[in-house]
Each structure stands twice: as C-alpha cells, then as structure tokens.
Amino acid sequence: MPHTKGTTHTAHTPPNPQGTLVCLPGVNSGAYLFAQATQSLPNWRIITLNPPGTAGVPLPMPFSVTAYARHAANLLKHLNIGGPIILLGHSMGGYAAQEFTRQNPTRVQRLILVSTSRGQPDTTADVAAMQASTGQTLWQFAQQTNRTPEATIKHLFGNRFLHTQPEAYQTFLAARQAHLPPTSVSLAHFTAGGAFSSYTWAHRITAPTLVIHGTADVLVTIQSGRKLAQTLPHAHLLELYDVGHFPMLEHEHFWQFVSQFAHGQAVGMPASQPPHLMQKLWQKAKSLFHPHV
C-alpha cells in the first residue's frame with residue numbers, strides 16, 4: 008500500500024479521463040485503502056481524500072460529518088474539479104458521502120456506499136451487536152486495537168480473507184500503523200460518526216446508488232446496510248458473503264463491481280422499498296373498517 012501521510016489526497020489523473028471517482032475513507036483511515044482503484048479504472052481521474060485529522064490534514068473543531076463533507080467540497084473546488092462525479096464513501100466516509108450528496112445533489116452522478124448506514128438510530132443497534140459479539144464497548148475495542156492490533160482488528164474481517172490472504176492482512180496492519188492518527192482524532196471521528204443520522208432525509212437522495220456490504224461486518228451490520236439500501240429510492244444492494252468491514256481489501260472483484268456501476272451497468276439487486284408511513288396507516292385504517300379486505 009502506498010504511503011500517503013502528509014497529503015490531503017491522492018490523485019490519479021490520466022489524459023482525457025472518462026470520468027471522476029472521488030473516494031472518502033472512514034475513521035482512522037486514509038487514501039491508502041483505495042490504492043487498487045486504478046487497476047479497474049485506469050482511464051478515470053481518481054481523487055481519494057485523507058480524512059480530516061489524518062495524514063497531517065487539519066481537523067476542524069468541533070468535527071462533524073458535515074465538516075467532512077464540506078472539506079471534500081472545498082478540496083474539489085481547490086482542484087478545479089467541476090461537473091458530475093462518482094462518489095464513493097466507506098464507513099464514516101459513507102456518512103460524509105450522503106451528506107455531500109444532500110448538499111450538492113447535482114454534483115453526484117452516481118453514489119457508492121460501502122460498509123455504512125443511515126447512522127442513528129441504526130448505529131445504536133450496531134454498537135450493541137458489536138458489544139455482544141466482542142464483549143467490549145466500541146471505545147474499548149478501539150483502544151484494544153492500539154494495544155494488540157493484529158489480534159483485535161481481525162474481528163473486522165471475514166474468515167475467508169484471514170485464512171486465504173494472511174500476507175494482505177499483514178500489509179494492511181502495517182499501512183494502518185503508518186497512518187494511524189492521534190487518539191484525540193480517533194475520538195473526534197467516533198463522536199462525529201455516532202452523532203450522524205440521515206434517517207429523516209436519506210429517502211430524498213435521488214442519485215443512482217450502489218450499497219456494498221459484507222455479511223460478516225461486525226462494525227456496521229448487514230441489517231443496517233439493508234435498511235440504508237431500502238431507504239434510498241434508486242438503490243441496488245450488493246451483499247458480499249463472508250466479507251467484513253473492508254470489502255475493497257477482502258473481495259477480489261470489489262473494484263470490478265465499482266467499475267461496472269461507474270460505467271452505468273446494473274450491479275447488485277434492486278432494494279425492496281419498505282411501505283411508507285402513510286401507506287402503513289392507510290392499510291391499518293382499512294383493516295379496522297374493512298377487516299375482510
């Protein structure tokens with residue numbers, strides 16, 4: 008994995024790019040996670056941010072997902088990148104991608120949300136599920152990753168990856184350690200992620216969206232990924248079996264899926280939309296007045 012410390016972003020800029028892919032990493036993460044993107048999209052301009060607080064990028068205080076989305080918009084403006092983009096967000100970066108799309112709906116041609124959710128109230132359920140799975144609170148787990156990263160972080164990956172690609176896991180651990188921000192930044196990231204919610208407005212995102220989620224993700228559960236996909240009106244859901252929180256590392260076809268979607272192809276399955284609240288109330292009323300209907 009490349010070393011990206013000390014830079015706000017990485018950029019792959021071929022001549023006459025076919026399009027622009029912008030990637031937003033999550034908590035304690037960085038552009039290094041998305042290094043393989045150029046293999047599947049060699050003719051695309053690819054801009055991958057280092058989140059605020061990481062790699063020497065200033066951390067605005069108080070930090071929030073809104074601040075992250077604003078940081079991304081300002082960076083694209085600084086780079087003179089206008090027009091439509093394909094926006095990919097992972098984990099907390101998925102929150103920022105939703106917020107960016109809400110603030111700049113005409114800028115996002117297609118949206119890719121990876122290992123993320125609508126935030127609250129789903130985050131509370133995810134944290135409880137993770138505590139039941141690991142026996143630790145989220146913050147205890149985060150602290151434990153700093154003390155014994157190899158043994159602790161493996162819980163965030165699917166078993167198949169750990170068993171078949173042990174070298175790739177070690178490479179990830181080394182890159183993570185090289186780019187790990189101070190504990191104060193980690194706390195700011197977790198606090199911002201825990202406060203985020205698109206529950207009341209995600210249904211207004213009209214961009215075609217691909218939700219990619221691993222079934223073995225213990226940090227953001229597959230149930231929350233499904234709820235996100237069901238809330239978005241034009242979403243497809245791609246579930247990856249025995250994949251954890253890092254599909255871009257774990258699944259050999261991840262970037263192929265991203266490339267296909269970026270080029271307008273159908274990927275995943277259409278997410279079934281849950282009944283709207285008014286529809287539920289109407290059905291309840293009909294059942295009361297017309298019990299045999």
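Taking my numbering, the leading residue of the sequence shown gets 8, the next gets one more, and so forth.
Note that the Cβ used here is the ideal one computed from N, Cα and C, for glycine as well.
From a predicted model like this one, the values you see are computed outputs, not experimental measurements.
S140 counts as exposed, since fewer than 16 other beta carbons sit within 10 angstroms of its beta carbon.
Proximity to L245 across M276, T108, M99 and T17 peaks at M276, based on C-alpha coordinates.
Taken in chain order, the complete alpha helix (DSSP H) segments of 4 residues or longer contained in the region 157-198 are 166-171 and 173-186. Counting only residues of its own chain and dropping the five nearest sequence neighbours on each side, A242 has a CB closer than 7 Å to the CB of T216, V218, A236 and A278. Ranked by Cα distance from F253, the options S122, G60, N111 and H78 are led by S122. When the beta-carbon positions are compared, I93 and R117 come within less than 8 Å of each other. In the DSSP assignment, R233 falls within the unbroken alpha helix (DSSP H) covering I229 to T238. DSSP places S47 within a helical segment (H, G or I) once states are collapsed to three. DSSP, reduced to helix, strand and coil, places V72 within a helical segment of the structure shown. Proximity to H19 across Q43, A79, F268 and D129 peaks at Q43, based on C-alpha coordinates. Between F264 and V250, the C-beta gap is not smaller than 8 Å, which leaves the two residues out of contact. In the displayed model, V134 falls within a helix according to three-state DSSP.
One alpha carbon belongs to K84, the other to R114, and they sit about 12 Å apart. If you ignore the 5 residues before and after P21, its C-beta comes within less than 8 Å of the C-beta of P49, N50, W51 and R52, all in its own chain and listed in chain order. Looking at the DSSP output, G96 shares a beta bridge with L31 and L120.
Taking every protein chain shown into account, the CB of Q105 has 16 or more other CB atoms within 10 angstroms, so this residue is buried.
In chain order, A38, I54, T55, L56, N57 and L82 place their CB closer than 7 Å to the CB of H16, counting only its own chain and leaving out the 5 sequence neighbours on each side. L120 is the residue among P173, L120, P24 and Q46 whose C-alpha sits nearest the C-alpha of G101.
Taking a contact to require three or more Cβ pairs closer than 8 Å, the region 152-161 and the region 122-135 do not qualify as touching.
The C-beta distance from W262 to Q46 rounds to 6 Å, short enough to fall under 8 Å.
Counting along the chain, E259 sits inside no beta strand (DSSP E), nor does DSSP assign it H or E at all. By the beta-carbon neighbour count (other beta carbons within 10 angstroms, threshold 16), R211 is exposed. Taking all protein chains shown into account, S266 has 16 or more neighbouring C-beta atoms within 10 Å of its C-beta and is therefore buried. In terms of Cα proximity to T130, the closest of S193, G232 and P112 is G232. The shortest CA-to-CA distance from F203 to any of S71, A223, T27 and P59 is the one to S71. For P24, the CB contacts under 7 Å within the same chain, skipping 5 residues up- and downstream, are N50, W51 and R52 in chain order.
Counting only residues of its own chain and dropping the five nearest sequence neighbours on each side, A195 has a CB closer than 7 Å to the CB of G60, L66 and F70. DSSP places L145 inside the alpha helix (DSSP H), whose first and last residues are L145 to R154. Around the Cβ of M255, a 10 Å sphere holds 16 or more other Cβ atoms; the residue is buried. Here E257 is actually not in contact with G201; their C-beta atoms are around 25 Å apart, not less than 8 Å. The alpha-carbon separation between F41 and A175 amounts to approximately 14 Å.
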